[in-house]
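Each remark here refers to the structure printed beneath this line.
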Amino acid sequence: MSKINQDSGKHQGNKKLEAIKDDLWGTILPTELLELILSNLTFVVDIINFHVICKTWRSITVSVSPPPPRQLNPTPLPCADSSFPLLFHMMDFQRKYRIFHPLYNYTWDFDFPPQVPARDGPKKLYFSKYGWLLMSRFFKPAMPFLFNPLTQETIKLPAIPEFPGYLLSMFFTCPPSQSDCLVVAIAGRRNSSIYVHKLGEADWKMHDLKSKMDHYFEPVCHPILYQGLCYCLGLDRNLVVFDIQDIEHTWIVHKVFNIPSPSEFPARLTALVEHDGQLLVVLIGVGRPYIFELDLKTKFWKLAKNLGKNSLFISKGASFSQRAIVSGTGNKIFYPLVLKNKTDSFRFYSLATTNGAKISKRLVAGSTVRVVSGTFAEFVGSLKKLNRKTGKATVGFTLFGKESLVELDAEDIVLETK
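Sequential numbering of the sequence shown, starting at -10, is according to the working numbering.
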């Protein structure tokens, strides 16, 4: 036997051994059991790990889909774990909504249930906590409701009494399943009132603050409960504190110091967050975000540089600090961009490396883009210019037969895929 033939035989033997090793698990477990295992895996990372086991496991495919959205007794989505919050986005002119798991890049699209009819017009999301959303129709009369996007359970609230101006902010105090749950609505701008509704009751209780609330007061973010009191940040970044049980006599505005003014640091997104027993304000602009920790005694803010093992999740409707269960997610700030495309999800900023990262499709001049928020939401146009340093984009829209150029925030546009 020649050396070549000997090597060839040895090589064939090695290939057989490798094939046996590669398919070892596949020869032990029946196909039906493998299909059952795969059908119970929800997250992309688990499915990938399943398929790298061996050749036989890679050949197993099953159709995995979330439960249908319109059931008499909806089952919560299996993605609702506690390791990472889910993102919620209204789409298709607010007839549908998308739930997105940013860690595993999983998305689910749903129609709103019949209890939330499209004929009510545009909806606005005010607040989210305990798995529930507090929403209302955009136009008057304000008809708020609580909505669980996973189970599609809906709790309609009484219409808020007519008042001049607009409903600026709303939140609820505890899970809607609890009998003492309160919904609080702040109506500033000429109205200077706060409305409180206890779930199960027929109406709202009005608290008139015209002698105490500034005529132009407007919350810049949703209020939070901290140490038994309600804290709210105004547009001027002064801090408002009041007790929900005695609003008229406890409303106080604190002038705070050592925090950039809106003119010094314009913020696209502002949030109040309780973190490790401390009150934080988070300012997110075009560049790096800033976190300030409040000293309640001196009313001074100081720059916070470390979140420890926690992560901050910031959005207009919900902001909170959470222990980082997933490796590599600690000491970071996560905040959403847009969820129009399945690859457009969130941005994170690491305090450890002082680096920001944006997870999004690449935008280039000449691309067809869709606006997802702001005045031109749902408009489709052509991207003319993009300045990544300033975060600004120039988009051309055809209006009344002529092209008009509009400057927008780059985070408000996505590539049009249709």
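By construction, the Cβ of each residue, glycine as well, lies at the ideal position given by its N, Cα and C atoms.
Which residue marks the beginning of the alpha helix (DSSP H) containing residue i, and which one marks its end?
i: H196; result: Here H196 belongs to no alpha helix (DSSP H); instead the beta strand (DSSP E) covers 194 to 197.
i: L27; result: 20 to 28
i: T143; result: Per DSSP, T143 belongs to no alpha helix (DSSP H); it is in the beta strand (DSSP E), 143 to 145.
i: K44; result: 44 to 48
i: H204; result: Looking at the DSSP string, H204 is not in any alpha helix (DSSP H), and its letter there is neither H nor E.
i: H238; result: 236 to 239
Let's see if you can read the secondary structure: which residues bound the beta strand (DSSP E) around residue i?
i: K288; result: Note, K288: premise wrong, no beta strand (DSSP E); not H, not E.
i: L394; result: 391 to 398
i: M79; result: 76 to 80
i: M124; result: 121 to 126
i: T416; result: This structure does not reach residue 416, given that the chain is present from -10 up to 407, and the question cannot be answered.
i: K85; result: 85 to 90
i: I183; result: 182 to 187
i: S250; result: Careful: S250 lies outside any beta strand (DSSP E) and carries neither H nor E.
i: L214; result: 213 to 215
i: L135; result: 134 to 136
i: L228; result: 228 to 231
i: L222; result: 218 to 222
i: I402; result: 402 to 404
Could you tell me the distance, in whole angstroms, from the CA atom of residue i to the CA atom of residue j?
i: S52; j: I26; result: In this prediction, S52 has a pLDDT of 49, which is less than 50 and means its spatial position is unreliable; nothing more can be read from the coordinates.
i: A8; j: S28; result: Residue placement at A8 is flagged as unreliable, the pLDDT there being 47, under the threshold of 50; the coordinate-derived value follows with that caveat. Each residue's Cα considered, the two are about 26 Å apart.
i: M80; j: F231; result: 36 Å
i: S125; j: K201; result: 27 Å
i: P399; j: F89; result: Inspection of the sequence shows that residue 399 is occupied by Ala rather than by Pro. One C-alpha to the other measures close to 21 Å.
i: L122; j: P255; result: 27 Å
i: G177; j: H243; result: 17 Å
i: K112; j: P325; result: 19 Å
i: K321; j: L340; result: 6 Å
i: V245; j: W290; result: 7 Å
i: R179; j: F368; result: 33 Å
i: L222; j: L23; result: 54 Å
i: D98; j: R47; result: 27 Å
i: P208; j: L224; result: 6 Å
i: P414; j: F386; result: Residue 414 is absent from the structure shown; the chain starts at -10 and stops at 407.
i: F309; j: W240; result: 24 Å
i: E237; j: K288; result: 22 Å
i: S182; j: L228; result: 17 Å
Kindly indicate which residue of the options has the alpha-carbon position closest to the one of residue i.
i: L272; options: K381, L285, L301, I49; result: L301
i: K305; options: H204, T387, R257; result: R257
i: P106; options: F136, P150, F77, H78; result: F136
i: P251; options: G266, E263, Y279; result: Y279
i: F152; options: A313, L146, W193; result: W193
i: R295; options: A148, H264, I248; result: The residue you asked about is not Arg; residue 295 is Asn in the sequence shown. Here the closest residue by C-alpha is H264.
i: I314; options: S308, F323, A307, N299; result: N299
i: L146; options: H186, F101, S166, C163; result: H186
i: G410; options: P138, S371, T387, G319; result: In the structure displayed, the chain extends from -10 to 407; residue 410 sits before or after that span and is not available.
i: V358; options: I175, L285, A382; result: A382
i: G380; options: L404, K373, L397; result: L397
Give me whichever residues DSSP pairs with residue i in a beta bridge.
i: G385; result: S371, L394
i: E263; result: L268
i: Y115; result: None; Y115 has no bridge partner.
i: C174; result: The sequence given here places Ala at residue 174; Cys does not occur at that position. M159, Y184.
i: Q311; result: S300
i: T96; result: F89
Given 7 Å as the limit, tell me if residue i has its C-beta closer than that to any heavy atom belonging to the ligand MN.
i: N247; result: Summarising the ligand content, the structure contains no ligands, and the ligand MN is consequently not present.
At least three beta-carbon pairs within less than 8 Å, the region 110 to 122 to the region 350 to 359: no
Touch test, the region 152 to 170 against the region 203 to 220, Cβ-Cβ under 8 Å, three pairs minimum: yes
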